[in-house]
Structures are given as C-alpha cells and as structure tokens.
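What follows is a short report on a single structure.
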Amino acid sequence: TAQPINAKRWGCLIVEAADKQPVFDGHQSARFEVRPNDCSANSGFNDCLNDRSRHEINESGIGPTQGQTITWEERIFIPSQPRFRPSGRNVMFLTQINFIDSSNYGTLAYIEVRQDGALMIRTHVGLTWTILNQYIVHQNPVDKWVKFKFEVKSTSQPDGYLKVYVDDQLVVDETRQTLPTPTSVNWLKIGIYNGFKSQAIEPYENQVVY
350 TAQPINAKRW GCLIVEAADK QPVFDGHQSA RFEVRPNDCS ANSGFNDCLN DRSRHEINES
410 GIGPTQGQTI TWEERIFIPS QPRFRPSGRN VMFLTQINFI DSSNYGTLAY IEVRQDGALM
470 IRTHVGLTWT ILNQYIVHQN PVDKWVKFKF EVKSTSQPDG YLKVYVDDQL VVDETRQTLP
530 TPTSVNWLKI GIYNGFKSQA IEPYENQVVY
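In the numbering used here, the protein residues as written are 350 to 559.
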C-alpha cells in the first residue's frame, strides 16, 4: 500500500465473481474505493496536509532496472456511479509509471481521468512534472473492461522509449530517457489518486474502480 498510515479497509479489496463483482478473467479482481473524507500518508508524504486522497498499491523490492525492457498489462473497469471525478482544476489518476532512486522521484506516464470521464495518457517533458502530452485514449470507458499495456525501455540514455497500447492499439510512442541514473528503478502504481481536491467545483462522492 503506497500510503499505509490511516489507510482504509475498503481501499483495496479482492472481490469475487461469485458475488456478482466485475471480473475480467478467472474468479477475482481488485476493487479500489476512495470516499470523500479519506486521506492517508506514508513516512515521506501526507495526503491529508497536501490536498490529496488516494488508495494505491505499488511494486516494491525491485533492484535497478537499467537496460531492461519492462511491460505491465492491466484491465480497468469503471462502474456507473454518480460522480467518478468532480469537475474543476483537480486531477484524478488510475495508474502511474514512476521512476525512483535515492534522490529522484517522478512519473513517466499516468492514466488520467478527464472532467467528462474520458481516459487520457499523460506524459511529461523529460523527467520533469511539466505536461508534454495528454493523449485521449477512450471517450466512454464506463461499465466495460479497458485493456492497457505499457512497454518501457528502462534506461538513463536518450534511446529509451515509452509505448502504451489501449485495447491492443498503439496510442503512445515516445523515444526518451526513462531513468534519471543507471541505479534508478521504473515501477508501477495502480489504484485511485486525487490531487488538488480543493480546486474541484463539485463535491466528491465515493469513487470505485476495478
């Protein structure tokens, strides 16, 4: 759990197809939920003090990924609900492809939810937080499984790349440095992340995604 301090028991649950929960394949899926007053923290960052809320899980214990080609694949199901993402200058993400080492942290790509509910892939200029592109990749993702595949050539050299496939169609293809140093790591976070909540012009309601 990315923010274990004050994490809620409903934040991430393993649910069963037998209980009429959405499951793409097999018998189970991961159900994420964030409620309006939820906020949590870890030893380095407190969402409660920084206008944020989330429940995300992430990979851990990974050594340096320099020179590797890494793929992650997931399917996302957004059930019908009154208000998944409020309108405003707030942001909402469902996946992060990050980089990290002892002195660097950032994000190569997000799955971002637009105000109207469309899904975008957001990328940044170099290894900064400045937005480079917001690719609209699905206009109406509600009540269906949407497949995402991320492929990263993990390198501190300029010949790396980021590719994103949505429902098996290539929608992002950027040649770029993907690590700040050869000792850095590329890793995955999934779940619900809300930022700049005070800039929303509508109230938050319970948010659920599988």
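Beta carbons: idealized from backbone N, C-alpha and C, even for Gly.
Computed from a prediction, not measured in an experiment: that's the story for all the values here.
Where residue i falls, given that 16 or more other Cβ within 10 Å makes a residue buried
i: residue 483; result: exposed
i: residue 405; result: buried
i: residue 531; result: exposed
i: residue 386; result: exposed
i: residue 351; result: buried
i: residue 564; result: With the chain represented from 350 up to 559, any question about residue 564 goes unanswered, as that position is not in the structure.
i: residue 457; result: buried
i: residue 481; result: exposed
i: residue 478; result: exposed
i: residue 418; result: exposed
Length of the line joining the Cα atoms of residue i and residue j
i: residue 371; j: residue 361; result: 14 Å
i: residue 474; j: residue 353; result: 30 Å
i: residue 377; j: residue 559; result: 10 Å
i: residue 460; j: residue 544; result: 14 Å
i: residue 512; j: residue 547; result: 33 Å
i: residue 416; j: residue 529; result: 13 Å
i: residue 390; j: residue 401; result: 10 Å
i: residue 379; j: residue 373; result: 11 Å
i: residue 394; j: residue 388; result: 11 Å
i: residue 384; j: residue 552; result: 11 Å
i: residue 476; j: residue 494; result: 30 Å
Which residues DSSP lists as bridging residue i, in chain order
i: residue 433; result: None, per the DSSP bridge assignment.
i: residue 500; result: 420 and 512
i: residue 455; result: 448
i: residue 472; result: 458 and 482
i: residue 406; result: 539
Contact check, residue i vs residue j, beta carbons under 8 Å
i: residue 486; j: residue 515; result: yes
i: residue 520; j: residue 470; result: yes
i: residue 525; j: residue 542; result: no
i: residue 413; j: residue 534; result: yes
i: residue 429; j: residue 368; result: no
i: residue 502; j: residue 517; result: no
i: residue 420; j: residue 498; result: yes
6 Å CB neighbourhood of residue i in its chain, flanking five on each side removed
i: residue 329; result: Outside the shown range of the chain (350 to 559) lies residue 329, about which nothing can therefore be said.
i: residue 490; result: 427 and 468
8 Å Cβ shell around residue i - same chain, five flanking residues per side excluded
i: residue 507; result: 524, 525 and 526
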